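Colleague:
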Amino acid sequence: MPCMSIEFVKSRIRDWGIEVDPLCSFCRTSVEDDFHLIFGCCFSQFVWRYMLRCIGFTRGALRDWDWDFETSWCINHFQQGDSLAHSIYRLVFNACIYHLWYECNKRVFNSTFSTEMQVISRITQDIRLKLAGQNLWTEDSNKNRQLFNRWGINIDFLPPHVRTCT
């Protein structure tokens, strides 16, 4: 899961010498940079925490962390595995970044605004559409059943792999 900073946040645009309001497009209280836009703002924190709960994770306070810390946490928790659940974790991470960035651009360039729940709805819809129509299967476990039930995703559960000693 390669991570790089978001190129077109207001802090970068200002660095190029273009006049732009430096305040966050969501909360209007802090300077907008890539961390604040995706993880630091109260708007984006609500979206991020909500989506993390949808995949079974909870996080502490994000205000003292930085982009590298949060993306490292995601890499440590989302990249270690090739299961369908880990694929959904990565989809959530990428969809959150995309939709928060997209919402920011809508506010800056189109003067249109969505609520946190509307952004969450678009993220959820995109992930469900990505998985729709695929023949999905995973190992049967309580954790997997809870995850896929939360998402309303139809899936075939395989019996757990039984290891025997000879």
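Per UniProt numbering, the very first residue in the sequence shown carries number 1; after that it's consecutive. The beta-carbon is built from N, C-alpha and C at its ideal position, and this holds for glycine as well. Because the structure is a prediction, the values reported are computed rather than measured.
Helix, strand or coil for Glu103? Go by DSSP, reduced to three states.
Modeller: If DSSP states are grouped into helix, strand and coil, Glu103 belongs with the helices.
Colleague: So what does Leu23 bridge to, in DSSP terms?
Modeller: Looking at the DSSP assignment, Leu23 forms a beta bridge with Val31.
Colleague: Given Val108, which residues of its chain have a CB within under 7 angstroms of its CB, disregarding the five upstream and five downstream residues?
Modeller: Within the same chain, Val108 has close Cβ partners Ser25.
Colleague: Does DSSP classify Leu158 as helix, strand or coil?
Modeller: Residue state, collapsed to three classes: strand.
Colleague: Beta strand (DSSP E) containing Thr138: first to last residue?
Modeller: Taken as a continuous stretch (DSSP letters only), the beta strand (DSSP E) holding Thr138 covers 137-139.
Colleague: Have a look at Val20, Ile38, Asn154, Asp15 and flag the residue whose alpha-carbon is nearest the alpha-carbon of Val119.
Modeller: Nearest option by C-alpha distance: Ile38.
Colleague: With H, G and I counted as helix, E and B as strand and the rest as coil, what does DSSP make of Cys41?
Modeller: The answer is coil: DSSP assigns Cys41 none of H, G, I, E or B.
Colleague: Classify Gln45 as buried or exposed, calling it buried when 16 or more other Cβ atoms lie within 10 Å of its own Cβ.
Modeller: Gln45 comes out buried.
Colleague: Taking buried to mean at least 16 other C-beta atoms within 10 Å of its own C-beta, is Ser72 buried or exposed?
Modeller: Exposed is the call here.
Colleague: Three Cβ pairs or more, each shorter than 8 angstroms: is that satisfied between the region 138-152 and the region 49-58?
Modeller: Cβ pair count under 8 angstroms is three or more, so yes.
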